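The sequence shown runs contiguously to residue 993 in the working numbering.
Here's the structure we're looking at; comments come further down.
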Amino acid sequence: MLTAKQIRSGFIDFFKSKDHQFVPSSPIVPIDDQTLLFANAGMNQFKDIFLGLAPPEYPRVANSQKCLRVSGKHNDLEEVGKDTYHHTFFEMLGNWSFDDYFKAEAIEWAWELLTKVWGIEPNRLWVTVFEGNQADSLPKDDEAAQLWTKVTPISADRVLAFGKKDNFWEMGNTGPCGPCSEIHIDLGPDMCDRKNTPGHKCHVNCGCSRFIELWNLVFIQYNHTNDHKLVPLGAKYVDTGAGLERVAAVLQKKKSNYDTDLFMPIIDSTSELTGHKYTSKLGSKTDNAFRVIADHVRSLVFAITDGATPSNEGRGYVIRRILRRASRFGRELDMHEPFLYKLVPVVTDFLGDAFGEIRARADHVSTVIESEEASFGRTLDRGIKIFNTAAKRAKKSKDKTISGEDAFQLYDTYGFPLDLTELMAEERSLKVDTTKFHELMEQQRKRARAASVKDSLSVMDKVSVEVLPKTQDLHKYNTDQCEATIVGWIDEKGFKTAGSVEGDSEIGIILDKTCFYAEAGGQVGDCGVIKSDKAQFVVENTTKMGNSVIHRGKITQGSFSIGQKIKAVVSKDRNAIKKNHTATHLLQWAMQQVLGKSVAQQGSYVGPDYLRFDSTCPKAPTTDQLKKVELLVREKITADLPVTSAAMPKEKAQKLGAMALFGEKYGNEVRVVGIGTESEDQLDQAFSREFCGGTHVDRLGSIGGFKIIKEESISAGVRRIIALTGSVLNAHLEKASDIVDELSTMLKVPSEALAERIEQLIKENKKLAKKLKSGGSAGASDTMAQAKQLLESSEKIGQTSIIIGQLPATSVEQTREAVDMLKKKAKSAAVVLGFEDDGKATLLIGCTDDLIGKGLKAGDLVKAIAPIIDGGGGGRPQMAQAGGNNPEKINDALTKAAELIKEHLTTV
Ligand code: ATP
Ligand code: MG
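Pasting the structure below:
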């Protein structure tokens, strides 16, 4: 029996034998396609080739692509767990021809692999072709229909024609598309899940689970444009996709994808963790939970590895939804604590050979998942209760619908994504009022928008990017001053290309060329001035819209007009920005040296004031590690190594191994910044190479110094470092040195001894605080309890109790209270209490009035015994106190007091 691993490599080897080049899967988070949240098919990474925007590197390629179908046109989330063959994450085995072979070979090879190499009985296979569509003037794919019977032994009655829904493939609402030909397998009448549906007859594409699609051969011939036209492409392409999980189930003779070696390790581990058994039944609540969890964990591992992080919008929210669903299904298996993260190593273990990246980032992924699980777990159980109440209400309602208000409360207060509420509702045959839910969401959004500060230059947003002229801005890399011509500006009325402008409202000036850097890649936009002989415009920020650089700011003098020649001068801040930017690259390199390759940039800020670097980092770096990082950066700065940058095609940059930022959109032409090499040709020898469009110093020496001033966690598995360079660092150090001087004077110790002195002060402070606390209520009750015991064991002479004893360390106030209490309780008493605290002895004496009448006075007694403890004292007849320096003698003093009292009382 073939393992999934063997099937995957068998597929690739088969196509290698047909002259295909293996290309790795693209990341599941598309790097440069904003039209797509997640990769949903193998062809995504070749989209530009199909559109004729980029030349193919090889005419024939093959791979196994990581796909996620949870959003947009392809969304299989609802199917997961309920059937045996739809997953959110799956691997799509694919082969492509870029204007090389076409339908005949694609059909022949697919058949050969399935029936000859993998040995699937031909009589289990059926194929489909496109029947054409009149509305779109698309003809029937006769060519494919004829080829099937020509190049394979399949009989004509097994070649069926279907419409657009099944046999016209599109990646999304726009983009490359074309007719397709699908291969389906008949799993046998037993597998039908609609046996009990009246009138159901199994056939290809009937929707039951007897016939499932294995492989889709797409013949890309058109581009679906934004204005909904199908425009024929210049060349013809083959794009095929077969689900590895489905093929594995067939070849491993399993009834369900979940029973294959691609899922069973996860299911087994889940069983171990939860103590529940998996029985592979459809329709079973417990089994369904197993399947959903196994599916969702795979998706989470791959998506988080490729840079998605759970959040409240876009990709991040999709990931959060998947995680929360999985968490909820965990409750079905009685899991109330985070557990999904424990399944991460299982996934990375058996899929890490094919996708090394998941192994490399396993720790990060676990950290992220655990922390999300924990935070959702805090509200989940409570949310489920609220849901149950809402469901009860809904059951009683006429239309059996959970109200939009309830769904919104579950979302807003308990973090339940709408689809989770819908899923839970469906489990009880209830609906959810999603219209009202969305209404409430919109109201909330409006409130939030109203509360947020209005962008002062929001006029910019009204301008359509297409109308703005392109600015030549390469000068930013080599100068901070240039002559240029004003070609237009944006003011509150829109984009202007005629006349002149004056006044002090904010505008955005566009030049034919500029040396200003427009905000991008974490580096702030430049400030500076645009000036002529008689006029001046202060640039407060520079941003990019489309290909146009907008200098935003105010005219402070005179007026400007279209066609006018001006001088653009970037502020001196630019130097500080350059230093911080190069230092950021050094920092990333040094962190990877010290903490390993799992450190990857998540975001950054590069301004004139400081630099901020956010990166994945499974554990908090230790102080020692941070010191090492600083040291490495400083060593490079001291070595004054050169910095070199060059523009090149993206593929070349990737081959150079330049580090790119996850999720960053890069064009076909990119800049690579390398540190440690003098010439562009030797960029491969640079020790740090990054995709970067920012501005940098020429030599490291000019950075002038580097110091990390803060390191903190900003979210699960993501750490933030703030660091300083150049003159800002000098100012910082000077201030720090002033503070040290001041402290040193204040504490009267040299600066080297400051730490020790402060440590000592802290210790003393702690001790004092403790002492104060022991004077508080707990200490008080202790003292009282001890005193009461003394009363119980006291001697009596006549009616008078002689209460004498030493208390554990306490305060004078407590002891005084104890004396009073004892006097009251005993009615007639002579009380002598002593205690030691911090090397000092204290004695308190109290006498009831009847004794005073007999001449026994506390004040006299104290005077008699105080010298024993090397001290003195005094007081009133009722109450007196002594303090001394010899606590060891407290007992002697007490004994003496007892003697004196007894003597007095017996002689009177
Ligand atoms: P289906 O009709 O079964 O949902 P599809 O038409 O959406 O499949 P394609 O977009 O043609 O599938 O994808 C190509 C191949 O990828 C399919 O033939 C199938 O083997 C596999 N595949 C598609 N969707 C999934 C999924 N959600 N889970 C697992 N494999 C899938
Ligand atoms: Mg589908």
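Glycine included, every Cβ here is placed at the ideal spot set by N, Cα and C.
Remember, predicted model here, so these are calculated numbers, not experimental data.
Residue i in three-state terms, based on DSSP
i, result
"residue 205", "coil"
"residue 972", "helix"
"residue 935", "helix"
"residue 125", "coil"
"residue 409", "helix"
"residue 281", "coil"
"residue 337", "coil"
"residue 786", "helix"
"residue 317", "strand"
"residue 294", "coil"
"residue 817", "helix"
"residue 138", "coil"
"residue 255", "strand"
"residue 768", "helix"
"residue 348", "coil"
"residue 576", "strand"
"residue 867", "helix"
"residue 113", "coil"
"residue 213", "strand"
"residue 101", "helix"
"residue 835", "coil"
"residue 670", "helix"
"residue 446", "coil"
"residue 906", "helix"
"residue 80", "There is simply no residue 80 to check, as the chain begins at 86 and stops at 993 in what is shown."
Counted within 10 angstroms of its Cβ, other Cβ atoms place residue i as buried (16 or more) or exposed
i, result
"residue 219", "exposed"
"residue 224", "exposed"
"residue 795", "exposed"
"residue 772", "exposed"
"residue 138", "exposed"
"residue 86", "exposed"
"residue 317", "exposed"
"residue 831", "exposed"
"residue 978", "buried"
"residue 822", "exposed"
"residue 884", "exposed"
"residue 291", "exposed"
"residue 399", "exposed"
Beta-bridge pairing of residue i - partner residues as DSSP gives them
i, result
"residue 176", "151"
"residue 688", "699"
"residue 325", "302"
"residue 958", "967"
"residue 630", "633"
"residue 892", "920"
"residue 265", "303"
"residue 276", "Its beta-bridge partners do not exist; DSSP assigns none."
"residue 238", "Residue 238 pairs with nothing; no bridge assigned."
"residue 887", "880 and 915"
"residue 424", "DSSP, once it has assigned bridges, lists no residue as partnering residue 424."
"residue 856", "Answer is none; residue 856 lacks a bridge partner."
"residue 309", "260 and 315"
"residue 730", "758"
"residue 223", "218"
"residue 593", "575 and 637"
Beta-carbon separation (whole angstroms), residue i vs residue j, contact threshold 8 Å
i, j, result
"residue 417", "residue 371", "6 Å"
"residue 379", "residue 351", "4 Å"
"residue 595", "residue 634", "7 Å"
"residue 236", "residue 195", "Contact flag wrong, Cβ pair sits at about 10 Å."
Cβ-based neighbour list, residue i, same chain, cut-off 6 Å, excluding 5 preceding and 5 following
i, result
"residue 444", "433 and 437"
"residue 376", "166 and 343"
"residue 178", "96, 149, 327 and 329"
"residue 442", "390"
"residue 784", "725 and 727"
Same chain, Cβ closer than 7 Å to residue i, five either side skipped, listed in chain order
i, result
"residue 257", "120, 121, 157 and 158"
"residue 552", "580"
Close-in-space but distant-in-sequence residues of the same chain around residue i (CB under 8 Å, 5 per side omitted)
i, result
"residue 136", "260, 261, 308 and 318"
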